[in-house]
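The structure appears right after this line, and notes come after that.
Number of protein chains: 2
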Amino acid sequence: MKVLLADKAGFCFGVKRAINTAFEAASRGRVYCLGPLIHNPQEVGRLRDAGVETIDDIDRLQPGDSLIIRSHGVPPDVLVRAQERGLKIIDLTCPFVSKAQKHAELMKQEQYQVVVVGEKHHPEVRSILGYAGDEGVAVESPDEVEELKLKSRVGVVAQTTQSYGNFSGIVLKLLRFSKELKVFNTICNSTAERQEAARTLARAADVVLVVGGRNSANTTRLASVCRQEGKPTHHIEVADEIRPEWITGAGTVGVTAGASTPDWIVRSVLDRLRELGGG
Amino acid sequence: MKVLLADKAGFCFGVKRAINTAFEAASRGRVYCLGPLIHNPQEVGRLRDAGVETIDDIDRLQPGDSLIIRSHGVPPDVLVRAQERGLKIIDLTCPFVSKAQKHAELMKQEQYQVVVVGEKHHPEVRSILGYAGDEGVAVESPDEVEELKLKSRVGVVAQTTQSYGNFSGIVLKLLRFSKELKVFNTICNSTAERQEAARTLARAADVVLVVGGRNSANTTRLASVCRQEGKPTHHIEVADEIRPEWITGAGTVGVTAGASTPDWIVRSVLDRLRELGGG
Numbered sequence: 025m026k027v028l029l030a031d032k033a034g035f036c037f038g039v040k041r042a043i044n045t046a047f048e049a050a051s052r053g054r055v056y057c058l059g060p061l062i063h064n065p066q067e068v069g070r071l072r073d074a075g076v077e078t079i080d081d082i083d084r085l086q087p088g089d090s091l092i093i094r095s096h097g098v099p100p101d102v103l104v105r106a107q108e109r110g111l112k113i114i115d116l117t118c119p120f121v122s123k124a125q126k127h128a129e130l131m132k133q134e135q136y137q138v139v140v141v142g143e144k145h146h147p148e149v150r151s152i153l154g155y156a157g158d159e160g161v162a163v164e165s166p167d168e169v170e171e172l173k174l175k176s177r178v179g180v181v182a183q184t185t186q187s188y189g190n191f192s193g194i195v196l197k198l199l200r201f202s203k204e205l206k207v208f209n210t211i212c213n214s215t216a217e218r219q220e221a222a223r224t225l226a227r228a229a230d231v232v233l234v235v236g237g238r239n240s241a242n243t244t245r246l247a248s249v250c251r252q253e254g255k256p257t258h259h260i261e262v263a264d265e266i267r268p269e270w271i272t273g274a275g276t277v278g279v280t281a282g283a284s285t286p287d288w289i290v291r292s293v294l295d296r297l298r299e300l301g302g303g
Numbered sequence: 025m026k027v028l029l030a031d032k033a034g035f036c037f038g039v040k041r042a043i044n045t046a047f048e049a050a051s052r053g054r055v056y057c058l059g060p061l062i063h064n065p066q067e068v069g070r071l072r073d074a075g076v077e078t079i080d081d082i083d084r085l086q087p088g089d090s091l092i093i094r095s096h097g098v099p100p101d102v103l104v105r106a107q108e109r110g111l112k113i114i115d116l117t118c119p120f121v122s123k124a125q126k127h128a129e130l131m132k133q134e135q136y137q138v139v140v141v142g143e144k145h146h147p148e149v150r151s152i153l154g155y156a157g158d159e160g161v162a163v164e165s166p167d168e169v170e171e172l173k174l175k176s177r178v179g180v181v182a183q184t185t186q187s188y189g190n191f192s193g194i195v196l197k198l199l200r201f202s203k204e205l206k207v208f209n210t211i212c213n214s215t216a217e218r219q220e221a222a223r224t225l226a227r228a229a230d231v232v233l234v235v236g237g238r239n240s241a242n243t244t245r246l247a248s249v250c251r252q253e254g255k256p257t258h259h260i261e262v263a264d265e266i267r268p269e270w271i272t273g274a275g276t277v278g279v280t281a282g283a284s285t286p287d288w289i290v291r292s293v294l295d296r297l298r299e300l301g302g303g
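Protein chains in written order, with our numbering: chain R, 25 to 303; chain S, 25 to 303.
Quick look at the structure:
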């Protein structure tokens with residue numbers, strides 16, 4: 025059995041920066057993070073052990089406490105509250121998410137109705153929507169467009185981890201219902217590259233293991249990309265979940281990992297496959 | 025044999041305005057028109073008889089001469105030359121074309137590379153391109169997009185008579201190759217309505233006659249819309265061209281006409297069909 029690792033897999037630039045800065049900050053004393061820093065429970069566990077405490081609400085923090093804004097960003101009112109509370113803010117919003125927030129804010133000022141292509145309840149989408157004003161709306165699929173009451177001037181940004189196919193499908197629908205459409209393709213390169221690499225991997229493999237948090241949107245999307253190629257695909261968080269029967273008889277096992285999946289987990293998956301006969 | 029006339033056919037608002045104003049101006053003395061006022065040789069003949077002379081170049085005109093700018097508009101340098109020459113300008117640029125010109129000019133000022141979706145050599149497209157600056161480019165089909173060297177910020181307008189399908193196909197391709205895309209759907213309602221009515225007509229008819237100038241882009245497009253519905257379609261300029269064998273055995277003959285086709289030609293086509301047994 026051959027084991028293939030996708031060309032592009034694992035931590036992206038924004039996540040790497042967030043993790044490194046968080047560990048560094050924690051080495052100087054306790055820090056708080058609003059929501060898990062990344063959507064990977066195992067790595068969040070390591071961060072907790074290092075002194076990064078995940079909190080749900082900033083109200084119980086004291087002036088001078090250090091607060092991490094995670095890579096998904098937060099709506100502007102949360103930032104204001106944190107500042108008013110006198111917290112030391114460590115802003116680790118991914119620069120690509122910041123860009124989407126800025127485009128949303130500018131388009132709102134230019135009187136566009138802002139559409140954010142992405143999952144309504146994902147923290148990144150909620151953070152971008154925070155900059156989009158009262159008329160801003162999140163759209164998950166092309167079908168939803170017909171239900172919307174749209175202004176004639178529509179401005180579009182994307183959750184950075186969207187698939188291009190869904191994004192362009194929604195833009196095409198919006199084009200039909202608007203007179204003026206301004207579109208920023210804010211899907212980040214890492215996302216596009218990882219999805220493309222996953223597609224290539226799935227074509228070459230008999231079965232695919234996609235490694236990453238079950239709450240990770242981009243990891244989940246990698247799994248659907250592989251399934252679209254018609255290959256049996258398993259989304260796992262850790263090596264222990266691999267069932268030997270998944271890979272029995274497989275000539276080639278493909279492995280890929282989301283942008284929030286740390287290397288040490290990917291390595292342990294590769295080790296486990298080696299134990300099961302992979303090379 | 026039944027004869028069906030399309031719900032929306034013939035002169036659009038912009039053409040009607042241009043024709044009426046031209047006849048009115050000619051009643052007060054000779055007027056010149058830069059290029060044929062509309063793409064309909066028969067109506068242009070009537071205009072000539074009334075005193076509207078079609079010219080190719082303004083250089084032989086004298087100060088004080090009256091110059092009609094036709095509904096397709098002209099690039100701004102032509103307007104400037106006409107003003108410098110002291111001509112009396114009667115600007116009959118269709119308001120929808122003016123809108124496309126203005127959007128092109130503003131986007132050029134905002135540093136977008138302007139793409140005009142339309143036929144490269146059509147006077148309307150050339151008039152809009154005149155406002156789009158040196159980087160402006162006309163694109164006729166989605167396939168051409170890959171050949172273009174595009175900036176990351178692209179602004180799009182459409183020839184007012186484009187089909188929505190071609191327009192959206194080109195926008196979709198541009199979306200793939202740009203980071204920021206601003207799109208004004210400047211296809212005019214008359215165009216969309218006439219194409220939709222032609223489609224409905226073709227579905228109900230056994231054979232379709234599309235009446236209008238052979239040099240008329242929008243008439244030619246009505247004919248392709250009808251052909252796409254799988255019905256035998258004949259593009260004619262005048263009633264005399266109808267060949268009886270086209271309609272032999274047809275239960276229903278559909279008739280439609282371009283936005284530059286005058287009523288009197290449509291009526292003569294209907295009269296001729298009546299002579300041939302239509303009702």
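By construction, the Cβ of each residue, glycine as well, lies at the ideal position given by its N, Cα and C atoms.
The contact set of R:K206 on chain S, defined by CB atoms closer than 8 Å, consists of E204, L205, K206 and V207 in chain order. Going by beta carbons, S:G237 and S:E261 fall inside the 8 Å limit. Contact of R:V163 with chain S is not assigned, every C-beta pair being separated by 8 Å or more.
Judged by pairs of C-beta atoms under 8 Å, the segment 240–254 of chain S touches the segment 211–226 of chain S, as three or more such pairs exist. Fully contained in the segment 83–136 of chain R are the following alpha helix (DSSP H) runs of length 4 or more, in chain order: 100–108 and 119–133.
Annotation: S:A156 to S:R150 spans about 10 Å, alpha carbon to alpha carbon. Uninterrupted beta strand (DSSP E) stretches at least 3 residues long and entirely within the segment 147–202 of chain S occur at 161–163 and 177–182, given in chain order. Between R:I113 and R:L91 a beta carbon distance of about 6 Å is seen, short of the 8 Å cut, so the two are scored as contacting.
Residue contact with chain R for S:L130: absent (no Cβ-Cβ distance below 8 Å to any residue of chain R). The C-beta distance from R:Y188 to R:I211 rounds to 6 Å, short enough to meet the 8 Å contact threshold. Going by C-alpha positions, R:T280 is about 31 Å away from R:K126. R:L61 and R:A42 do touch by the CB rule: their CB atoms are close to 6 Å apart, below 8 Å. According to DSSP, S:E204 shares a beta bridge with R:F208 and S:R177. Cβ proximity to chain S below 8 Å picks out Y188, S192, V195, L196, L199 and R200 from the segment 179–201 of chain R. Where R:K40 is concerned, the enclosing alpha helix (DSSP H) starts and stops at F37 to A50.
In the three-state reduction of the DSSP assignment, R:E77 falls in the strand class. No Cβ-Cβ contact shorter than 8 Å links R:L246 with R:V231.
In this structure, R:C118 lies near R:G38, with their beta-carbon atoms less than 8 Å apart. Between R:G75 and R:R105 a beta carbon distance of about 23 Å is seen, past the 8 Å cut, so the two are scored as non-contacting. Under DSSP, S:I260 shares a beta bridge with S:V235. The beta carbons of R:D287 and R:A263 sit no closer together than 8 Å. Inclusion of R:N190 and R:S214 in the CB contact set at 8 Å is not warranted, their separation being larger than that value.
Sequence-distant Cβ neighbours of S:V207 in its own chain, meaning closer than 7 Å and more than five residues away, are V180 and V195. Residue environment for R:G282: buried (at least 16 other C-beta atoms within 10 angstroms of its C-beta).
With fewer than 16 other CB atoms across the displayed protein chains lying within 10 angstroms of its CB, R:G88 is exposed.
Within the same chain, and ignoring the five residues on either side of S:I82 in sequence, the residues whose Cβ sits closer than 6 Å to its Cβ are A106.
Annotation for S:L246: no beta strand (DSSP E) segment contains it, though the alpha helix (DSSP H) segment containing it runs A241 to Q252. Under the three-state reduction of DSSP, R:A216 is assigned to helix.
Exposure of R:E77 is indicated by the presence of fewer than 16 other C-beta atoms within 10 angstroms of its C-beta. In the DSSP annotation of this structure, the continuous segment of the alpha helix (DSSP H) that includes S:L294 starts and ends at D287 to E299. When secondary structure is reduced to three states using DSSP, R:T224 falls in the helix class. Between S:N242 and S:T185, the gap from beta carbon to beta carbon is short of 8 Å. Secondary structure note for S:I271: its alpha helix (DSSP H) is the uninterrupted segment P268 to I271.
By the neighbour-count criterion, in which 16 or more other beta carbons inside 10 Å mark a residue as buried, S:T244 falls on the buried side. Between S:Q183 and S:V140 the beta-carbon gap is near 7 Å, inside 8 Å, which marks them as a contact.
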